[in-house]
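This report refers to the structure that appears directly beneath it.
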Ligand code: 4AD
Ligand code: MG
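Numbering (my numbering), first residue to last: 596 to 1080.
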């Protein structure tokens, strides 16, 4: 008999015999003549009610995996329209409910992070797996419609794209004696499997630029790694970055438009999906459970957020104007910051939050554009192509996309496509060297004005779900000092 999932069965409003469902027992209630089990399989937040004989329920406990056969009948209870009258139940594996570290009661996020292998079974966490999957499907569809080619870029690289020195260096376990038989000249390189130091990638951008020059528009969603000692709710050591590059453009607006229409498409899909509806329900439940946690978004906030994304038309402000706005706010005592805003010091997280909360009214992301060159990576093109890059306060054609709480959701720029100017910029930032010769080549052969962006995919999931810590939207999070199973 064909098996049906819980979501599909719950949607069925007519009686049926010979129904076959697989799932896990969420809870059990035993009475004298009858037992009730709530069954879920992660396809929906809702559970189905299974009605069993008390004696057969003895083999079950909270968490047991089961196969149930029975008939789908109208229910006498008020909580569900239909229920499964079980004729046959089979426990499919061991289940020690008593010693399970995951208990069906409130457990703190900090504790749950110590059992990442069990955590996704909590319905509010399971739905985050579905959210991730659905957002990837929306993005795939969006990019395909826009003529972008999905690509894969390497994880092991020779360069530090951002030049921030936050790379993990690859080391091999090759024992010294394992190379005794090799050619003598190879012994010298034994420390480095690839002869010279290699790193886990911090961004796919440079490789993506090479691929864009073959097919015009490319995108990727790939793992990136940063050895940042940042112990914050926004930073992971391993995270997914969504990146895209597009050729034949000199306009930063073109790049920002892609980001805007992309997130707008994702939000529109979410607004009409069951995952979206169920996410809003988990938010409501979350707030009912912990009335005191006011900092996290309510269901109403979330819906407003998705609508703001779907509508597009997000505010744009230059970096210089943003600094001015912050200074005005301080002088009018509208806000107090720990760090005084200044053009040269750069935006602190508290400033970014304020910008998102005021200019975006907390409902829309805000593009801040044209940052000073000194604050940004070597590959960015100047706002004004006739600028001399040695002038410290000159700006580059770039943007950061800011949202409340998470601060920077995405960043992008027009790339320097002129060979000499790129060389100068690399020299100025001290990143020039053989390992980037290939990148320089891109400016020699078929060079073309182009631009692109990178978006923190896990941060996006936080923004969409209202989960306040990026460690809780990633199944197996890694951050400074922590790499559990
Ligand atoms: O701003 P970043 O460092 O930009 C780049 O790496 C560019 N090369 C991307 C490009 O243009 N193709 O990183 C991009 C985004 C940030 O805006 C942020 O959302 C996210 O990646 N991000 C992190 N997310 C989680 N944990 C971290 N440690 C992150 N570091 C950056
Ligand atoms: Mg950035």
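Think of the CB as a built atom: it goes at the ideal place given N, C-alpha and C, for glycine as much as any other residue.
All values derive from a computational prediction rather than experimental measurement.
Residue 975 - partner residues in DSSP beta bridges: Taking the first residue of the chain shown as 1, we reach residue 975 at position 380. DSSP, once it has assigned bridges, lists 1010 as partnering residue 975.
field: Limits of the beta strand (DSSP E) - the one that residue 960 falls within
entry: Mapped onto the chain shown, residue 960 falls at position 365. Segment: none, residue 960 is in no beta strand (DSSP E) and carries neither H nor E.
- prompt: Leaving out the 5 sequence neighbours to the left and right, which residues in its chain are closer than 6 Å to residue 922 when beta-carbon positions are compared?
  reply: As a position in the chain shown, residue 922 is number 327, starting the count at 1. So the list reads 936, once near-sequence residues are dropped.
- prompt: Which residues mark the beginning and the end of the alpha helix (DSSP H) in which residue 820 is found?
  reply: By one-based count along the chain shown, residue 820 stands at place 225. Taken as a continuous stretch (DSSP letters only), residue 820 belongs to no alpha helix (DSSP H), being part of the beta strand (DSSP E) at 812–820.
field: residue 667 and residue 601 closer than 8 Å at C-beta
entry: Your numbering for residue 667 matches position 72 in the chain shown. Your numbering for residue 601 matches position 6 in the chain shown. It is not a contact, given that the beta carbons lie outside the stated cut-off.
task: Could you work out which residue in 910, 982, 874, 645 is closest to residue 898 when comparing CA atoms only?
output: As a working note, residue 898 is residue 303 in the chain shown. Cα-wise, what sits closest to residue 898 is 874.
query: Using 8 Å as the Cβ pair cut-off and three pairs as the minimum, do the segment 1010–1020 and the segment 954–964 touch?
result: no
query: If you run the structure through DSSP and keep just helix, strand and coil, what is residue 610?
result: Numbered from its first residue, the chain shown carries residue 610 at position 15. Residue 610 falls in the coil class under three-state DSSP.
Pocket of the ligand MG (residues with CB nearer than 7 Å to any heavy atom), chain order: 995, 1003, 1006
- prompt: From which residue to which residue does the beta strand (DSSP E) around residue 663 run?
  reply: Translated into positions along the chain shown, residue 663 becomes position 68. Segment 660–669, the beta strand (DSSP E) holding residue 663.
task: Taking only heavy atoms of the ligand 4AD into account, decide whether any of them is closer than 7 Å to the Cβ of residue 800.
output: Translated into positions along the chain shown, residue 800 becomes position 205. Within the cutoff, so yes.
query: Is it true that the CB of residue 620 sits closer than 8 Å to the CB of residue 664?
result: As a working note, residue 664 is residue 69 in the chain shown. As a working note, residue 620 is residue 25 in the chain shown. Not closer than 8 Å, so no.
task: For the segment 615–650, list the alpha helix (DSSP H) runs that are entirely contained and at least 4 residues long, ordered along the chain.
output: none
- request: Specify whether the segment 811–830 and the segment 1023–1038 touch according to this definition: at least 3 beta carbon pairs, one from each stretch, less than 8 Å apart.
  value: no
message: Let me check understanding here. Comparing Cα to Cα, which of 789, 980, 746, 751 lies closest to residue 846?
response: Sequence index remark: in the chain shown, residue 846 carries index 251 (1-based). Nearest of 789, 980, 746, 751 to residue 846, Cα basis: 980.
message: Using C-beta distances below 7 Å, list every residue in its chain close to residue 704, excluding the 5 sequence neighbours before and after it, in chain order.
response: Taking the chain shown and counting its residues from 1, the one referred to as residue 704 is at position 109. Answer for residue 704: 1064, 1067, listed in chain order.
message: With a threshold of 7 Å (Cβ to nearest heavy atom), would residue 1065 be considered close to the ligand 4AD?
response: What you label residue 1065 is simply residue 470 of the chain shown in a count that begins at 1. The answer is yes for residue 1065.
message: the ligand 4AD and residue 823: does any heavy atom of the ligand fall closer than 7 Å to the residue's C-beta?
response: Indexing the chain shown from 1 puts residue 823 at position 228. For the ligand 4AD, at least one heavy atom lies less than 7 Å from the Cβ of residue 823.
- prompt: Would you say the beta carbon of residue 812 comes nearer than 7 Å to a heavy atom of the ligand GDP?
  reply: The ligand GDP is not part of this structure, which contains only the ligand 4AD and the ligand MG.
- prompt: To the nearest whole angstrom, what separates the beta carbons of residue 714 and residue 1056, a pair I think is in contact under 8 Å?
  reply: Here residue 714 corresponds to residue number 119 of the chain shown, with the count starting at 1. Here residue 1056 corresponds to residue number 461 of the chain shown, with the count starting at 1. Not a contact, Cβ separation roughly 15 Å.
field: Residue(s) in a DSSP beta bridge with residue 805
entry: The residue you call residue 805 lines up with position 210 of the chain shown. Per DSSP, none; premise fails for residue 805.
- prompt: Do residue 1053 and the ligand 4AD come close, with the Cβ less than 7 Å from some heavy atom?
  reply: The sequence position of residue 1053 within the chain shown is 458, counting from 1. Yes, the ligand 4AD has a heavy atom inside 7 Å of this Cβ.
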